[in-house]
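Counting with my numbering, you get residues 397 to 1240 for the letters of the first sequence. Take a look at the structure set out below.
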Amino acid sequence: METGQDRYYSPTVLPGVPMAKYPFSDIESKWQRRWEGERTFKVLEDSAFPKEKRRYVLDMFPYPSGAGLHVGHPEGYTATDIHCRFLRMRGYNVLHPMGFDSFGLPAENYAIQTGTHPAVTTRTNIERFREQIKALGFSYDWDREVSTCEEDYYKWTQWIFLKLFDKGLAYEAEMPINWCPSCKTGLANEEVKDGECDRCHTKVTRKRIRQWVLRITAYADRLLEDLEELDWPEAIKIQQRNWIGRSEGATLGFAVARPDGKPSRGDAIEVFTTRPDTLFGATYMVLSPEHPLVMKITSKGQRPAVEAYVESAARKSDLERTDLAKDKTGVFTGAYAINPVNEKTIPIWISDYVLISYGTGAIMAVPAHDERDWDFAKKFKLPIIQVVAAEGSEEAKHGAPEAAPAECTAAEGVAVNSGAWNGMPTERFKTEMTAWLEEKGLGKKAINYKLRDWLFSRQRYWGEPIPLVRCPTCGIVAIPESELPLVLPEVSSYTPSGTGESPLANVGAWLDTACPKCGGPARRETNTMPQWAGSCWYYLRYIDPSNTEEFVDRAKMEYWMPVDLYVGGAEHAVLHLLYSRFWHKVLFDIGAVNTREPFLRLVNQGMILGEDNQKMSKSRGNVINPDDIIREFGADSMRVYEMFMGPLEVSKPWATAGLVGVSRFLERYWGMAEKVASGETKLADSAPGGELLKLLHKTVKKVTHDTDTLNFNTGISAMMILSNEAARLAELPRSVWESMVLMLAPYAPHLAEELWERLGHAESLARQSWPAYDEALCADDEKEIVVQVNGKIRERFTASAGTSEAELEARAKALPKVLEWTMGKELVKVVCVKDKLVNIVVKA
RNA sequence: GCCGGCGUGGCGGAACGGCAGACGCGGUGGACUCAAAAUCCACUGUCCUUACGGGCAUGAGGGUUCAAGUCCCUCCGCCGGCACCA
């Protein structure tokens, strides 16, 4: 249907949008072939580049879904590509790789439906993704591509797991886990959002199964502290800090009281508190329903009620337990504990507002100074005693009644109703009380984290098999490194087995093996690793992707690491970024990497929304497909438009209409080249002068700076201004035109290469020197000086740059317009800013 | 509820505490054309004024300052994260 002539025009995307005129399709495929054929972007560890002239610029690699690329993917990829091309032109050796995060549920679910092996689906999808990514002309070194589901990759994922296992950082536990009934697999805490599965939004339930767990909590402090040294968005650091949730306080024991009121010898209830200063206000205790002491201390009379409560709590999902947060529930156990500071007997309750998984699973309740305890005490009519008073208040000075305050407050202040400590400020009281507890052997300083260990096993097929065997005599045994990779076997059915085990449990021939230690019969681990495993270390494999001896060569790793710039979506704020930091630190500890942190600088690109300002989604029908855009407008237009839309870090709506402005900008370059070719514009060898020279240098300065700092939108704007001016010229100085083409190159590399070639250069401009600018030529000789009277602009005049403030003031005061506004008024003061303004302040 | 981030023309967005609205889209008028498209030129925050000019404008209200979109306080709205973590 298409004729040669209207090949570049299609009315389908946006009727009424003008056709593009330059032959971008031919140009883009030509240069993509050239780059590929000549390995233009292949990069080696060349020692001629000193350390400071090397850069590792990393994109978050995609999961190759069946839907193909959407316009969000190329945003970050374009940004890094522009930056990398710029760096190469500035003489840097740049590592810029791409790969695929290719284990994961979608391919496996498709396999369950159709019987197609996930590897087949995955490879097809990767082909498609790679093609789409290449169509945008990114300067990746494709020789370094990795794919996490390939044996020669996951061999090393398994190898790292064994290192974790050797270090005691991987352990097996039977515990209630987050279970997604739809994915039929366990989930890490980080993968549960609002009680729903992060991936499929099914409500998560609880289930007890045998699990592999990684001891990420052992690294909590380092994961927290080392955030300080990272050049990451503050928001992401805060999210990680909150997720780790470090809190300082004390643990202390409360003895359980015997019927006669004396402390029993054996049972003490240990609690964690961040407010040891409020101990005198602890009027009751609460155990989590799962607390091991519950049944032991419960009195006969309360037993039926307690048992019923424990059982109903067990039946509730985490979501229900937190959803019903507003209304507290609980049951008295019939037992009492003794408050160690005043030996008062206080009742012990159980309630599900106390979590078994945090702290000790038990609390001392201080209802006067904790909102949750307050609600609970009010509901069950438990005593409330104020023990903190606002500094300077009446209570602080003269003491408070031993009763409930008007309202609950967690604010700090000074102690009241606290015996000898009365009047002591909270901060000091905390330390003194902790010291007192330590001295008496009742408690000690303690630190707690919200972070939980990482539930690492999945009951699914399409992931890295965990390289362990279970031997009846030797227990859990790691398989020897020489047997890696432990290859994922073929299965007849991908459906998870009903028992909650992975489909691997049904592959007898694979399952039954010999124990590597004793040689006796043993059974392989059937769980696989979560999707995060492969992405935890892929940035290291890019450095040495085909090494069969090591996960990465030491010298090469030292050549490139750490990653200088990492660009990707903010959705990985805690998950991927916390997990990889953890693995990296483990690798650091075993001497396998040379830096404590993997990613020095992190930038999150904002989301690209649909034209309706909503999140792009199939159901909303507002999805823009990059293939269509490339076909209608070309990859260069797509690249430049995505960068022109606004700052990289913010979310912004797509507007195909806005794309035409960028398209026109690129066409102008083409048009200029055509005019040069036809002789309509003369390409002059003479040097530019005057305003044009100044504009050129200003533009080079601006584009240099903005490309370096990733402020692409304003850089493009500067090039537009220059090109608007240059296009008017009948005589175009060659040096101006060449600089324009070179500056355009990182942004619209195909067009720029074509224009460069038409300028008579045989070599690609990929490593041409970036244009230089002369600071002196960036400054204006004449400055427009604004004259304000009482802060309002009344007049302006021009003065040569650097004119003294005194002269500016004199000239400003003499202007007729200014005299009109100041006549007959009292002069208060005059503010002068060199090269900018004069503000005359007068009074009526 | 708590913790972040953001509110600027019709739209996307610019703006070291110093000319608010760069650049682009859209719109209006004009040139070119038989006509259109493309291209080029001019105008384009808003109100008052024939004009010259002037007033008002960066979510709302206060404050600091000679000067505030920018700094501080209060409030409102939107987006993101966390959510009984003792």
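Backbone N, C-alpha and C fix where the C-beta goes; we use that ideal spot for every residue, glycine too. Bear in mind that the values here come from a model prediction, so they are computed numbers and not experimental data.
Here R919 carries a strand assignment [DSSP, helix/strand/coil].
Taking every protein chain shown into account, the CB of D627 has fewer than 16 other CB atoms within 10 angstroms, so this residue is exposed.
One thing to note: Q1010 has its Cβ no nearer than 7 Å to the Cβ of E471.
Rounded to whole angstroms, the gap between the alpha carbons of R484 and L1173 is 25 Å. For P743 and D663, the gap between their C-alpha atoms comes out near 15 Å. The alpha-carbon of A1197 is positioned some 48 Å away from that of E993.
Straight through space, the alpha carbons of E1178 and V1238 are spaced by roughly 28 Å.
Per the C-alpha coordinates, the member of K840, W858 and G915 positioned closest to V865 is G915. Contact between A800 and A764 holds, with the beta-carbon distance rounding to 6 Å and staying under 8 Å. Between the alpha carbons of Y549 and R595 lies a gap of roughly 25 Å.
In summary, R435 is exposed, with fewer than 16 beta-carbon neighbours lying within 10 Å of its beta-carbon over all protein chains present. Of the candidates I734, K724, E568 and A733, the residue whose Cα lies closest to the Cα of S747 is K724. Listed in chain order, the non-local C-beta contacts of E586 below 6 Å within the same chain comprise V970 and L971, local neighbours out to five positions each way being set aside.
The criterion of a C-beta distance shorter than 7 Å is not satisfied by F437 and F496. With a threshold of 16 other beta carbon atoms within 10 Å, T922 meets it and is buried. Cβ-Cβ distances below 7 Å link Q1164 to M485 and L1138 in the same chain, with the five nearest sequence neighbours on each side left out; the list follows chain order. Look at Q635 here: in three-state DSSP terms it is helix.
For M1034, the enclosing alpha helix (DSSP H) begins and ends at A1031 to F1040.
Uninterrupted alpha helix (DSSP H) stretches at least 4 residues long and entirely within the region 643-704 occur at 690-693, given in chain order. Short of 7 Å from the beta carbon of Y536, and not among the five residues preceding or following it, lie these beta carbons of its own chain, in chain order: F437, H492, P493 and M494. Using a Cβ distance threshold of 7 Å, V959 and F995 count as a contacting pair. Counting only runs of 3+ residues, the beta strand (DSSP E) found wholly inside the region 424-461 occupies 450-455, in chain order. In terms of Cβ geometry, F650 and G755 do not form a close pair [threshold 7 Å]. Setting aside the 5 residues that flank it on each side, S643 is surrounded in the same chain by T670 and N844, each with a C-beta closer than 6 Å to its C-beta; the list follows chain order. If you look at G839, you'll find it in the beta strand (DSSP E) that goes G839 to N844. Closest by C-alpha distance to Q1184, out of I1236, A614 and M820, is I1236. Just measuring C-alpha positions, the residue of M820, D539, Y452 and S543 sitting nearest T520 is S543.
The three-state reading of DSSP puts I1025 in helix, counting H, G and I together.
Classified as exposed, H597 has fewer than 16 neighbouring CB atoms from the shown chains inside 10 Å of its CB.
In this structure, G464 and M1003 do not form a Cβ contact; the two beta carbons are roughly 18 Å apart against a cut-off of 8 Å.
Non-local C-beta neighbours of W1152 in its own chain, meaning closer than 6 Å and more than five positions away in sequence, comprise V1137 and L1161, ordered along the chain.
For G871, there is no enclosing alpha helix (DSSP H); the residue is found in the beta strand (DSSP E) stretching over G871 to A874. Annotation: M829 is outside any beta strand (DSSP E); the continuous alpha helix (DSSP H) that includes it extends over T822 to E835. Counting only the Cα atoms, K1188 lies some 56 Å from A811. The bridge partners DSSP lists for V727 are I746.
A Cβ-Cβ separation of about 6 Å places F499 in contact with W858 under the 8 Å criterion.
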